[in-house]
């Protein structure tokens, strides 16, 4: 069966129905992979949906501690309350791209793929999906980056070819003990000096990578812009991600409003680049 993605007008109709008719205290309980999650709407309009996905967290390993007296105390809750860890997310309703702020133990945004199934039921004609944006060729992206970090790739050398045994850390006797070897696989990792770019000229970077691609397409390059964290790209078939430095006022009286504004600003600063790789089917 060939997948056919619904146009935004249909997706907006579904979400309008969910927002208007399916929520309880601005939340919906999602059942996914034998677990339960809450999808809570904090703010929504015709442009964005801002909310969070929460998951139950066992309280056994958590407590409160006074930072001055070091006195500890239990976290109080009623019998019907659970401790919850959550991921903030921002959905652009013009294209349904998702930006999110996630702690390590918080739930994945992929949980949202079960929202449509939970509300309307999964059928051959309608089911939910959260998928990554794929990049067929990462070189154009890498050429625009401010810093190129490590470059790593694997090369297989047929056993019939001569190899510099000393470079493998093996003696000739050790190498002769190996039998029925189809090939020897080398993993090369070129590491740049700290806070310096491995290759500063974008054109030379492209030439360098294309030369390696004559041997293998399994090349990984770490790169970043000044405002980003270092992230790794596969030269072919890489997942499009933008890992931005995310700073906000943690002492704000309205922390959720702070996060919403920061998520919108970060997304809108990168929207044009991201949309280049979105396939409308």
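Residue numbers (this note's numbering): 1131 to 1411. Using N, Cα and C, we set each Cβ at its ideal position, and we do this for glycine too.
1) Judging by CA-CA distance, which residue of 1219, 1201, 1197 and 1186 is the nearest neighbour of residue 1210?
2) Indicate the three-state DSSP secondary structure (helix, strand or coil) for residue 1216 in the structure shown.
3) Determine the DSSP secondary structure at residue 1381, reduced to helix, strand or coil.
4) Return yes when the Cβ of residue 1219 is within less than 8 Å of the Cβ of residue 1229, no when it is not.
5) Less than 8 Å between the CB atoms is what I'm expecting for residue 1390 and residue 1173, so what's the real figure, rounded?
6) For residue 1411, which residues in the same chain have their Cβ closer than 6 Å to its Cβ, ignoring the five residues on either side in sequence?
7) Are residue 1215 and residue 1184 close, meaning C-beta to C-beta below 8 Å?
8) In chain order, what residues of the same chain have a beta carbon less than 6 Å from the beta carbon of residue 1393, not counting five sequence neighbours either side?
9) Using DSSP with H/G/I as helix, E/B as strand and the rest coil, what is residue 1116?
10) With distances taken Cα to Cα, identify the nearest neighbour of residue 1259 among 1326, 1226 and 1170.
11) Look up residue 1316 in the DSSP assignment and give the residues it is bridged to.
12) I need the boundaries of the alpha helix (DSSP H) containing residue 1147, first residue and last residue.
13) Would you give the residue range spanned by the alpha helix (DSSP H) that residue 1343 belongs to?
14) For residue 1379, which residues of its own chain have a beta-carbon under 6 Å away from its beta-carbon, when the five flanking residues on both sides are left out?
15) With a floor of 3 residues, list each beta strand (DSSP E) that falls wholly inside the stretch 1193 to 1277, ordered by position along the chain.
16) Taking all protein chains shown into account, do 16 or more other C-beta atoms lie within 10 angstroms of the C-beta of residue 1351, making it buried, or fewer, making it exposed?
17) Given residue 1277, which residues of its chain have a CB within under 6 Å of its CB, disregarding the five upstream and five downstream residues?
18) Could you tell me whether the stretch 1259 to 1275 touches the stretch 1316 to 1324, using the rule of 3 or more Cβ pairs below 8 Å?
19) Identify whether residue 1359 lies in helix, strand or coil by the three-state DSSP scheme.
20) From residue 1232 to residue 1315, what distance separates their C-alpha atoms?
Concretely, from the data shown:
1) It is 1186 whose Cα lies nearest to the Cα of residue 1210.
2) strand
3) coil
4) yes
5) 6 Å
6) In this prediction, residue 1411 scores a pLDDT of 48, lower than 50, which makes its location untrustworthy; no coordinate-derived value is stated.
7) yes
8) 1220 and 1229
9) For residue 1116 there is no data in the structure shown, the boundaries of the chain being 1131 and 1411.
10) 1226
11) 1285
12) 1138 to 1151
13) Note, residue 1343: alpha helix (DSSP H), 1332 to 1343.
14) 1388
15) 1213 to 1222, 1228 to 1231 and 1263 to 1267
16) Residue 1351 comes out buried.
17) 1327 and 1354
18) No, the stretch 1259 to 1275 does not touch the stretch 1316 to 1324.
19) coil
20) 37 Å
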